[in-house]
């Protein structure tokens, strides 16, 4: 491999079968033998099918006229394990085509799937990706130069280059299509490609003459007459003499193209223009590619891929440079404006960057202040509430504290301090949510109930049977802090004799916490504005962070604290 039918037959049209016997190498060990196998085929010219041990792996859509066109399509086929045999295996490849189309079979690689894929990707790059990029680039350049010619009819070279680009797209489409257009046979498609070759070479010669400032009327008329005569001959020549005519037309236009690629560097040497020298370099590259590909078609050189695809990419780059040089004078006026605009944009960018930096610094400062305020609220509502409660309990004790009571009080203070620290890092919130409001309220009721009873206060605790809404552990902790702060304020300031705590569903939906006492009351507006109102502000801010609401009303004889989620 590769194999070409011309080396076996002079004139054959039909099908051929290739048999490849191979053995699985299992001695390398189970890890290697367990790897899936694949077969990579560089090309099947013109159409074909692949079988493994009698099982069909893949076939073209059409193995009869009009044939599918797999002549430039690499194939990667995974070999199913169920179709493989422990010993010898046979790969059959069916190929349909003719010697006129240079039918045959490309390289075949049977290997592990990874190795076959690497080989397939390299072949795919050369045979499919680069030609497709070439076609797209040629079409784009053709449209661009056509637009330039329509805007400036005096530059006829642009129009000829656009026509040459479109003709090249038609000619090179033979490389990428896998199915013939409707109405075409294989022989008809070959005639169409030769017509595209005639149009491309003629338009390319006219482009070089016009771009180089050459007027050759006699030669131009001869080129036009030759193109019309060859086109007519292609359309009317009978099939039994078509092969010789096709070969003659191919070589005639290959020689015309090569001669023009040789002529233009001499023209560039005479004019001395930079854009002419750039295009001359491109034409020399085209010449090398044309000679190589012509010899490749006639089997005079051994190569896997033609050079025309790569050279046309070079031509696209060269034409882009030529066009850039042609418009340099016009762009100079725009450059000054661009420089001025760039300076203004740079100044605006620097100003915006400075503003963003200031905003970032302010945001960091605000975040620090907010964090300090949160820590202050947590210390006030948590550790401060515990301290007030323990002080009140000590004041109610008639005898001194025992060691156990002192240790218990210190442990409680330690737990509250740890909860404040952990809540700042977000790592130690309770993982389990209290199942009922009664379970959630029990610890707070136990801690404060004894203090209120010691002071002779009558306490009423009204608690619902179930949560009306789903609450997170963070929300329950925040609500607990609000309740502790409210009870601490009652204990410290209210001088009340009756206390009522209610945890129940809210009429409008949600959960409501309400604390009522019959104490002396206070001026809510005055306390909120003074330094003594840190507890009220802490409760309000805490509820706002949780997405809830906080409200307090107070007058002599009745104070109500409400918080709801």
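Numbering (this note's numbering), first residue to last: 455 to 1019.
A virtual CB, placed ideally from N, CA and C, is assigned to each residue, including glycine.
Test item: CB-CB of residue i and residue j under 9 Å
i, j, result
"residue 521", "residue 560", "no"
"residue 662", "residue 710", "no"
"residue 776", "residue 732", "yes"
"residue 975", "residue 1009", "yes"
"residue 953", "residue 941", "yes"
"residue 478", "residue 562", "no"
"residue 494", "residue 565", "yes"
"residue 937", "residue 969", "yes"
"residue 653", "residue 679", "no"
"residue 1002", "residue 929", "yes"
"residue 697", "residue 473", "no"
"residue 704", "residue 649", "no"
"residue 509", "residue 537", "yes"
"residue 910", "residue 947", "no"
"residue 524", "residue 547", "no"
"residue 465", "residue 558", "no"
"residue 822", "residue 932", "no"
"residue 950", "residue 944", "yes"
"residue 469", "residue 549", "yes"
"residue 666", "residue 744", "no"
"residue 915", "residue 901", "no"
"residue 539", "residue 490", "no"
"residue 1019", "residue 965", "yes"
Residue i, DSSP secondary structure in three states
i, result
"residue 719", "helix"
"residue 909", "coil"
"residue 452", "Outside the shown range of the chain (455 to 1019) lies residue 452, about which nothing can therefore be said."
"residue 462", "coil"
"residue 1000", "coil"
"residue 631", "coil"
"residue 1016", "strand"
"residue 882", "In this predicted model, residue 882 has a pLDDT of only 42, less than 50, meaning its place in the structure is not dependable; the value taken from the coordinates is given anyway. Residue state, collapsed to three classes: coil."
"residue 668", "coil"
"residue 691", "coil"
"residue 489", "coil"
"residue 538", "coil"
"residue 729", "helix"
"residue 760", "coil"
"residue 639", "coil"
"residue 679", "helix"
"residue 1011", "coil"
"residue 482", "For residue 482, the pLDDT reaches just 48, beneath the cut-off of 50, and the residue's location in the model is therefore unreliable, although a value from the coordinates is still provided. Here residue 482 sits in coil by DSSP."
"residue 659", "helix"
Beta-ladder partner(s) of residue i, from DSSP
i, result
"residue 470", "549"
"residue 1058", "Absent from the model: residue 1058. The displayed extent of the chain is 455 to 1019, so no value can be given."
"residue 475", "544"
"residue 1005", "1016"
"residue 956", "916, 968"
"residue 780", "The partner list for residue 780 (beta bridge, DSSP) is empty, contrary to what the question assumes."
"residue 457", "559"
Residue i CB to nearest heavy atom of the ligand HEM below 8 Å
i, result
"residue 579", "Among the components of this structure there are no ligands whatsoever, and the ligand HEM is therefore not found."
Any beta strand (DSSP E) of 3 or more consecutive residues that is wholly inside the stretch 491-535: Runs of the beta strand (DSSP E) inside the stretch 491-535: 491-495, 501-506, 509-513, 529-533.
Cβ pair count under 8 Å reaching 3, the stretch 757-777 against the stretch 733-748: Three or more beta-carbon pairs separated by less than 8 Å link the stretch 757-777 to the stretch 733-748, which places the two stretches in contact.
Secondary structure, beta strand (DSSP E): runs of 3+ residues fully inside the stretch 540-621: Those beta strand (DSSP E) runs which fall completely within the stretch 540-621 and span 3+ residues are 542-552, 562-566.
Every unbroken alpha helix (DSSP H) within the stretch 885-953, with a cutoff of 4 residues, ordered by chain: List check, alpha helix (DSSP H) in window: 891-908, 927-943.
Segment contact, 8 Å Cβ cut-off, at least three pairs: the stretch 886-904 with the stretch 917-937: The stretch 886-904, when compared against the stretch 917-937, does touch it at the 8 Å Cβ threshold.
Whole runs of the alpha helix (DSSP H) within the stretch 960-997, excluding any shorter than 4 residues: Those alpha helix (DSSP H) runs which fall completely within the stretch 960-997 and span 4+ residues are 978-983.
Segment contact, 8 Å Cβ cut-off, at least three pairs: the stretch 531-551 with the stretch 579-589: Cβ pair count under 8 Å is below three, so no.
Touching by the beta-carbon criterion (3+ pairs, under 8 Å), the stretch 629-647 and the stretch 519-534: A contact exists between the stretch 629-647 and the stretch 519-534.
At least three beta-carbon pairs within less than 8 Å, the stretch 610-619 to the stretch 572-584: In the pairwise beta carbon analysis, the stretch 610-619 is classified as not touching the stretch 572-584: fewer than three pairs are separated by under 8 Å.
Stretch-stretch touch, CB-based, cutoff 8 Å, three pairs: the stretch 496-511 with the stretch 526-535: By the Cβ criterion, the stretch 496-511 is in contact with the stretch 526-535, since at least three pairs of Cβ atoms, one from each stretch, lie closer than 8 Å.
Segment contact, 8 Å Cβ cut-off, at least three pairs: the stretch 671-685 with the stretch 617-626: Verdict: no, contact absent.
Any alpha helix (DSSP H) of 4 or more consecutive residues that is wholly inside the stretch 795-822: Counting only runs that start and end inside the stretch 795-822, there is no alpha helix (DSSP H) element of at least 4 residues.
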